[in-house]
DNA sequence: AAAGGATGTCTAGCGTTGCTAGAATGCCGG
DNA sequence: CCGGCATTCTAGCAACGCTAGACATCCTTT
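Residue numbers (our numbering), protein chains in the order written: chain R, 503 to 693; chain S, 503 to 693.
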């Protein structure tokens with residue numbers, strides 16, 4: 503309980519975060535396949551095994567990056583929704599912000615939705631940032647709509663499909679804007 | 503040009519197919535992470551390097567499996583669409599068939615849409631089976647609708663998102679039926 | 001204040017991966 | 001029958017995630 507051990511704990515927490523940001527930067531600049539435990543250890547200027555004193559394995563590191571991504575996504579969506587004001591245009595704004603996030607931060611998006619992670623979704627112990635991001639979609643629908651969760655799930659699914667299929671070249675990346683228009687138009691006009 | 507060399511060529515083609523089906527079976531029973539070049543070679547009772555005389559690498563093998571998957575998917579969708587008859591219920595039938603395919607053949611679906619492959623989509627040299635599967639969605643909309651490709655892209659995206667998010671537990675797998683209902687209802691009622 | 005114990009970090013290495021070079025084997029044409 | 005070509009195998013490389021055990025460093029206790 504001495505001051506020294508407090509300092510060590512602080513340093514440890516600092517290094518924990520250092521690993522996460524290093525992994526994220528490496529993934530964003532060179533892609534996730536370049537994020538190996540060796541390169542990551544070299545980057546943070548420690549030996550390989552220290553990674554395993556902070557995380558259970560590589561998946562846990564990816565999960566930590568993904569979690570940070572969900573926080574960021576949630577704030578982006580919230581900002582877009584609040585800037586739109588009315589719930590009508592809000593849906594469009596949130597959807598657009600979502601797709602922008604996916605295209606501008608592909609590595610982060612991969613960690614959140616494609617790579618295997620330890621994160622648990624749609625459950626009691628779902629981390630708050632995940633829930634927060636999802637709730638932004640829910641908030642785009644009227645509170646007295648008892649199907650808004652369902653609507654949000656479908657909207658999210660469609661956006662995710664568009665993001666990932668266009669990113670992998672399975673649908674032409676150009677048409678993203680038109681697809682967004684069509685999707686929002688179809689989803690929005692509901693009783 | 504002798505009969506012997508013809509036989510060898512025949513055997514070679516046979517072995518080519520053997521590798522593909524072995525990879526597929528292994529993936530379907532134990533998952534793609536169990537499909538290593540060593541296990542695959544053992545399965546076809548040849549040494550490892552023969553795989554590389556047939557395929558450029560592991561990705562090419564996955565691509566071959568994915569291509570077979572697209573053929574199968576195309577016939578499934580076509581069957582569903584033709585059984586429905588009218589273009590109205592056809593959309594729902596095709597969507598349902600798509601989701602069924604994704605859940606019943608997860609390994610195949612992964613090869614087609616998630617794992618890295620050499621397949622090129624939405625291009626001039628897109629393999630016919632890919633185009634055929636996509637066209638089944640297009641055919642669900644009226645021929646004089648000049649946006650039917652766009653509609654098909656969005657529909658496909660939404661289904662893919664639902665399939666992959668529910669498979670990875672990111673949305674509750676139970677609600678799939680309701681989500682399908684909602685999606686079809688929203689997409690279908692268009693001028 | 002020195003010994004003992006706990007904590008933390010490193011070097012070294014294990015088993016597995018995708019992939020390949022070079023030896024060995026078998027078949028064809030002259 | 002024999003040289004040359006094609007095919008297949010054995011053996012191995014570099015890189016991967018991960019871990020055991022040696023070393024060092026600091027804290028506590030007598």
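Don't be surprised by glycine CBs; every beta carbon is placed ideally from N, CA and C. For clarity, every value in this text was computed on a predicted model and none was experimentally measured.
Task: Span separating the alpha-carbon of residue 588 (chain R) from that of residue 585 (chain S) - done: One C-alpha to the other measures close to 44 Å.
Task: With 16 other Cβ atoms within 10 Å as the buried cut-off, status of residue 626 (chain R) - done: The residue in question, residue 626 (chain R), is exposed, as its Cβ has fewer than 16 Cβ neighbours within 10 Å.
TODO: Could you give the DSSP three-state label for residue 687 (chain R): helix, strand or coil?
DONE: In the structure shown, residue 687 (chain R) sits in a helix (DSSP, three-state: H, G or I).
TODO: Output yes if chain R places a C-beta closer than 8 Å to the C-beta of residue 662 (chain S); else output no.
DONE: Closer than 8 Å: yes.
TODO: With a 10 Å radius around its C-beta and 16 neighbouring C-beta atoms as the bar for buried, classify residue 630 (chain S) as buried or exposed.
DONE: Its Cβ having fewer than 16 others within 10 Å, residue 630 (chain S) is exposed.
TODO: Note down, in chain order, each residue of its chain lying with its Cβ closer than 6 Å to the Cβ of residue 546 (chain S), except the 5 sequence neighbours on either side.
DONE: Taken in chain order, the residues that qualify are 520, 521, 524.
Task: Option nearest residue 684 (chain R) by Cα separation, candidates S:538, S:532, S:655 - done: Each of S:538, S:532, S:655 was checked against the Cα of residue 684 (chain R), and the nearest Cα belongs to S:655.
- [ ] Tell me, please, whether the stretch 556-567 of chain R touches the stretch 614-624 of chain R by the rule of three or more beta-carbon pairs shorter than 8 Å.
- [x] In short, these stretches touch, since the Cβ pair count reaches three.
Open item on the list: Could you check whether the Cβ of residue 511 (chain S) sits closer than 8 Å to any Cβ belonging to chain R?
Closed with: It does not: the Cβ of residue 511 (chain S) has no partner Cβ on chain R nearer than 8 Å.
TODO: Determine the DSSP secondary structure at residue 597 (chain R), reduced to helix, strand or coil.
DONE: Residue 597 (chain R) sits in a helix when the DSSP states are folded into three classes.
Open item on the list: So, at 6 Å on beta carbons, what are the nonlocal neighbours of residue 594 (chain S) in its own chain, with the 5 sequence-adjacent residues on each side left out?
Closed with: Within the same chain, Cβ atoms closer than 6 Å to the Cβ of residue 594 (chain S) are found at 686, the five residues on either side in sequence being excluded.
TODO: Could you give the DSSP three-state label for residue 617 (chain S): helix, strand or coil?
DONE: Note: residue 617 (chain S) maps to coil in three-state DSSP.
TODO: Would you verify that the beta carbon of residue 671 (chain S) is, or is not, closer than 8 Å to some beta carbon of chain R?
DONE: Contact of residue 671 (chain S) with chain R is assigned, a C-beta pair being separated by under 8 Å.
- [ ] Can you have a look at residue 693 (chain R) and say buried or exposed, based on whether 16 or more other CB atoms are within 10 angstroms of its CB?
- [x] Reliability fails at residue 693 (chain R), whose pLDDT of 47 lies under 50, so the model's placement of it is uncertain and no value is given.
Task: DSSP three-state assignment for residue 557 (chain S), whether helix, strand or coil - done: DSSP places residue 557 (chain S) in the coil class of the three-state scheme, outside both helix and strand.
Open item on the list: Quick check: the stretch 650-669 of chain S against the stretch 634-649 of chain R, are at least 3 beta-carbon pairs closer than 8 Å?
Closed with: Under the 8 Å Cβ criterion, the stretch 634-649 of chain R does not count as touching the stretch 650-669 of chain S, having fewer than three qualifying pairs.
- [ ] Find the residues of chain S that neighbour residue 624 (chain R), judging by a C-beta separation of less than 8 Å, and give them in chain order.
- [x] At a C-beta separation below 8 Å, residue 624 (chain R) has these neighbours in chain S: 671, 672, 673, 674.
Open item on the list: Any C-beta of chain S within less than 9 Å: which residues of the stretch 569-587 of chain R qualify?
Closed with: Taking 9 Å as the upper bound on Cβ-Cβ separation, chain S lies near no residue of the stretch 569-587 of chain R.
Open item on the list: What would DSSP say about residue 662 (chain R), mapped onto helix, strand or coil?
Closed with: Residue state, collapsed to three classes: helix.
Open item on the list: According to DSSP, simplified to helix, strand and coil, what is residue 527 (chain S)?
Closed with: In the structure shown, residue 527 (chain S) falls within a helical segment according to DSSP collapsed to helix, strand and coil.
Open item on the list: If we define contact as Cβ-Cβ less than 8 Å, is residue 563 (chain S) a contact residue for chain R?
Closed with: Answer no: the Cβ-Cβ gap between residue 563 (chain S) and chain R never drops below 8 Å.
TODO: Could you check the C-alpha separation between residue 503 (chain R) and residue 556 (chain R) for me, to the nearest Å?
DONE: Note that residue 503 (chain R) scores a pLDDT of 49, beneath 50, so its modelled location is shaky; the value from the coordinates is reported in the next line. In a straight line, the C-alpha of residue 503 (chain R) is about 21 Å away from that of residue 556 (chain R).
TODO: Examine chain S for any beta-carbon lying closer than 8 Å to the beta-carbon of residue 677 (chain R), and answer yes or no.
DONE: Interface residue, yes.
Open item on the list: For residue 685 (chain S), would you say it is in contact with chain R, using Cβ-to-Cβ distances shorter than 8 Å as the test?
Closed with: The Cβ of residue 685 (chain S) sits closer than 8 Å to at least one Cβ of chain R.
Task: Own chain partners of residue 599 (chain R) with C-beta closer than 7 Å, once the 5 adjacent residues on each side are dropped - done: The answer, listed in chain order, is 578, 579, 582.
Open item on the list: Does residue 656 (chain S) come out as helix, strand or coil in the three-state DSSP assignment?
Closed with: It is helical.
TODO: Could you check what DSSP says for residue 624 (chain R) in three-state terms: helix, strand or coil?
DONE: Three-state DSSP puts residue 624 (chain R) in coil, outside helix and strand.
TODO: Since I believe residue 553 (chain R) is in contact with residue 542 (chain R) (beta carbons under 8 Å), could you give me their beta-carbon distance rounded to a whole number of angstroms?
DONE: Contact flag correct, Cβ pair sits at about 6 Å.
Task: Helix, strand or coil at residue 611 (chain S) [DSSP, three-state] - done: Residue 611 (chain S): helix per DSSP, three-state reduction.
Task: Cut-off 7 Å between Cβ atoms - residues of its own chain near residue 668 (chain R), not counting five sequence neighbours on either side - done: Counting only Cβ-Cβ distances below 7 Å, and skipping sequence neighbours, we find 675, 678.
Open item on the list: By the three-class DSSP mapping on this structure, what secondary structure does residue 677 (chain S) have?
Closed with: It is helical.
TODO: Would you identify the three-state DSSP class for residue 587 (chain R), choosing helix, strand or coil?
DONE: In the structure shown, residue 587 (chain R) sits in coil (DSSP, three-state: anything other than H, G, I, E or B).
Task: Contacts around residue 560 (chain R), its chain only, beta-carbon distance under 7 Å, and the 5 residues preceding and following it disregarded - done: Correct list, in chain order: 539.
TODO: Can you grab the Cα-Cα spacing for the pair residue 688 (chain S) / residue 548 (chain R), in whole Å?
DONE: C-alpha separation (whole angstroms): 54 Å.
Open item on the list: Please report the straight-line C-alpha distance between residue 536 (chain S) and residue 681 (chain S), rounded to a whole angstrom.
Closed with: Linking residue 536 (chain S) to residue 681 (chain S) through their CA atoms gives a straight-line distance of about 32 Å.
- [ ] Taking only beta-carbon positions, decide if residue 681 (chain R) is within less than 8 Å of chain S.
- [x] At least one chain S Cβ lies under 8 Å of residue 681 (chain R).
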